[in-house]
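Residue numbering for the sequence shown follows the numbering used here, starting at -7 and increasing by one per position.
Beta carbons are placed, not taken as given, at the ideal position from N, Cα and C, and that holds for glycine.
Keep in mind that this is a model prediction, so the values were computed, not measured.
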Amino acid sequence: MYFVFLRAVLVRAIGVDIGGTKISAALVDRSGNMDGQLTVPTDPVGVIDQVVELVNKLSDGESVCAVGVAVASFLNYSRDFVYNSPNLGLENIPIRNLLQNRIKFPVFIENDANAAAWAEWRFAPRSVEIVNSQDLFMITVGTGVGGAAILDGKILKGGFGIASEPGHIVLVPDGIPCGCGKRGCSEQYASGTALLRYVKSNMPDFPFGRNPSDVIGELVAKSDPVVLSAVSQVADNVGRTAAAVTAILDPELFVIGGGVSKIGTFFIDSIRESYKEYLPHSESRPCANFRLAHFYNTAGIIGAADLARSSLAT
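Below, the structure written as structure tokens:
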């Protein structure tokens, strides 16, 4: 057992992040430093094969203690079974066994948002105000709205393994239809998709051929009134979502990630203002801190690898 623990401390793990458009993997040391990152376009019918190939390439000639896999899907509590992952073509499959049967290192699976939140909690620099914090809630604002909770230093899984889905808090009863089958969910109003919808309806000459987040960031820097209004609307709804989360979990810190977070200071400041507006008794109670995600595209890799290492050492 001591040898297993020592190996987990001294030897690097492999982190894999399976996304809807790409799969990335890298070697990660115990301090969260990455090396040798590889990325391939996601093949929805060949995801398992792709992960195995990436692990084989990264482990060739290397000492590896474990493999952590972050996947954008609903997982069961024991993290060995995918309930559903529409963008990946994975549904009702024993994902851990499928990978473990072909990979010689111990394999650990985690939801991608949880893995990203873990990386933020473990390795991102902390301000003086939150240096001893054991609680964190991450909201990812991208195509949809994802989330993850770290409470008392542990990932909150929930009774069935699928806790922390703030994108499906209903903000507008009978509102815009959501991909989940319901209506009025937060991600229809607080996501990058919502932001583009707001902008497109008021700016017909928006250059949609470019990366929308980059263009919007540039227009925010130029104080474009249409874009500032659209960003403010989305930020307002993210703040409302965070206030709803606070009513249940009361985290000390919210980390805002995802593609839209690249807008930067204006976005996070607007979220903070909205949060305080919608939080009950905000003037007489402690309020959570907010910050932008420290890691961007690499958070899932780093978090998955570290979770695998942690699981091996316990």
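(message) Taking the alpha carbon of A280 as the reference point, which residue from V247, F258, V219 has its own alpha carbon closest?
(response) By 1-based counting over the sequence shown, the position of residue 280 is 288. For the residues V247, F258, V219, the minimum Cα distance to A280 belongs to V247.
(request) Look at the alpha carbon of G256 and the alpha carbon of L245, and state the distance between them as a whole number of angstroms. (result) Your numbering for residue 256 matches position 264 in the sequence shown. Your numbering for residue 245 matches position 253 in the sequence shown. Spanning the two alpha carbons is a distance of roughly 17 Å.
(request) Mark A64 as exposed unless 16 or more other C-beta atoms lie within 10 angstroms of its C-beta, in which case mark it buried. (result) For the purposes of this step, residue 64 is taken as the residue at position 72 of the sequence shown. Flag for A64 reads buried.
(message) According to DSSP, simplified to helix, strand and coil, what is K254?
(response) Indexing the sequence shown from 1 puts residue 254 at position 262. In this structure, K254 counts as helix in the three-state DSSP scheme.
(request) Tell me N76's beta-bridge partners as DSSP assigns them. (result) Here the question's residue 76 lines up with position 84 in the sequence shown. Partner(s): F66, E83.
(request) Could you please give the first and the last residue of the uninterrupted beta strand (DSSP E) stretch that includes G249? (result) Your numbering for residue 249 matches position 257 in the sequence shown. Run containing G249: 245 to 249, per the beta strand (DSSP E) assignment.
(request) Classify R189 as helix, strand or coil using the three-state DSSP reduction. (result) For the purposes of this step, residue 189 is identified with residue 197 of the sequence shown, where counting begins at 1. In this structure, R189 counts as helix in the three-state DSSP scheme.
(message) Which runs of the alpha helix (DSSP H) at least 4 residues long sit entirely within the stretch 164 to 233? Give them in chain order.
(response) For the stretch 164 to 233, whole alpha helix (DSSP H) runs of length 4 or above, ordered along the chain, are 184 to 194, 204 to 213.
(message) Output needed for G292: all residues of its chain with C-beta closer than 8 Å, excluding positions within five of it in sequence on either side, in chain order.
(response) Here residue 292 refers to the residue found at position 300 of the sequence shown. The answer, listed in chain order, is G7, D9, G11, S16, A62, D104, A107, A108, A111.
(request) Report the option in T34, K192, D206 whose CA atom is closest to the CA atom of G81. (result) Residue numbering aside, residue 81 sits at position 89 when the sequence shown is read from its first letter. When only C-alpha atoms are compared, the closest one is T34.
(request) From the DSSP output, in three-state form, read off N281 for me. (result) Numbered from its first residue, the sequence shown carries residue 281 at position 289. Strand.
(request) Consult DSSP for I15 and reduce its assignment to one of helix, strand or coil. (result) Start at 1 with the first residue of the sequence shown, and residue 15 comes out as number 23. It is a strand residue.
(message) If you follow the alpha helix (DSSP H) that I293 is in, where does it begin and where does it stop?
(response) Walking along the sequence shown from the start, residue 293 turns up at place 301. Counting along the chain, the alpha helix (DSSP H) containing I293 begins and ends at 291 to 305.
(message) Suppose you measure from the CA of D41 to the CA of R264; what does that come to, to the nearest Å?
(response) Walking along the sequence shown from the start, residue 41 turns up at place 49. Walking along the sequence shown from the start, residue 264 turns up at place 272. Looking at the backbone, the Cα of D41 and that of R264 are separated by about 43 Å.
(message) Could you compute how far the alpha carbon of M(-7) sits from the alpha carbon of R175?
(response) As a first step, residue -7 must be located in the sequence shown, where it is residue number 1. As a first step, residue 175 must be located in the sequence shown, where it is residue number 183. Because M(-7) carries a pLDDT of 49, less than 50, the predicted location of this residue cannot be relied on, and the following value inherits that uncertainty. Each residue's Cα considered, the two are about 51 Å apart.
(message) Tell me which residues share the same chain as I195 and place their Cβ nearer than 7 Å to its Cβ, disregarding the 5 neighbours each side in the sequence.
(response) On the sequence shown, position 203 is the one that residue 195 refers to. At residue 195 the sequence reads Met, which differs from the Ile that was named. For M195, the CB contacts under 7 Å within the same chain, skipping 5 residues up- and downstream, are V218 in chain order.
(request) Kindly indicate which residue of K146, K96, F115 has the alpha-carbon position closest to the one of E102. (result) Working through the sequence shown from its first residue, we reach residue 102 at position 110. It is K146.
(message) What does the alpha-carbon distance come out to for the pair Q92 and G53?
(response) Mapped onto the sequence shown, residue 92 falls at position 100. Mapped onto the sequence shown, residue 53 falls at position 61. Between the alpha carbons of Q92 and G53 lies a gap of roughly 20 Å.
(message) Taking only three categories from DSSP, how would you classify L241?
(response) Taking the first residue of the sequence shown as 1, we reach residue 241 at position 249. Residue state, collapsed to three classes: helix.
(message) Which residue wins for smallest C-alpha separation from F282, given the options V32, A300, H273, K268?
(response) In the sequence shown, residue 282 corresponds to position 290, counting from 1. A check of alpha carbon separations from F282 across V32, A300, H273, K268 identifies K268 as the nearest.
(message) With H, G and I counted as helix, E and B as strand and the rest as coil, what does DSSP make of R4?
(response) Position 12 of the sequence shown, counting from 1, holds the residue named residue 4. Strand at R4.
(request) Figure out for me which residue from S303, F66, I131 has the closest Cα to the Cα of A227. (result) Reading the sequence shown from its first residue, position 235 is the one you call residue 227. Of the candidates S303, F66, I131, I131 places its Cα closest to the Cα of A227.
(message) Measuring only the C-alpha atoms, how far is E45 from R94?
(response) Residue mapping note: residue 45 aligns to position 53 of the sequence shown, counting from 1. Residue mapping note: residue 94 aligns to position 102 of the sequence shown, counting from 1. Taking the straight line from one Cα to the other gives about 10 Å.
(message) Rounding to the nearest angstrom, what Cα-Cα distance links N84 and D72 in this structure?
(response) Within the sequence shown, numbered from 1, the residue matching residue 84 stands at position 92. Within the sequence shown, numbered from 1, the residue matching residue 72 stands at position 80. If you draw a straight line from the Cα of N84 to the Cα of D72, it comes to about 11 Å.
(request) Would you mind working out which of N76, R88, S70 sits nearest I58, comparing C-alpha positions? (result) For the purposes of this step, residue 58 is taken as the residue at position 66 of the sequence shown. In the sequence as presented, Ile is not what sits at residue 58; that position holds Ala. Answer by Cα proximity: R88.
(message) One question on the structure: do F129 and A141 come within less than 8 Å of each other, judged by their Cβ atoms?
(response) Indexing the sequence shown from 1 puts residue 129 at position 137. Indexing the sequence shown from 1 puts residue 141 at position 149. Yes. Within cutoff.
(message) Does I294 pass the burial test, meaning 16 or more other C-beta atoms within 10 Å, or should it be called exposed?
(response) Against the sequence shown, residue 294 aligns to sequence position 302. I294 comes out buried.
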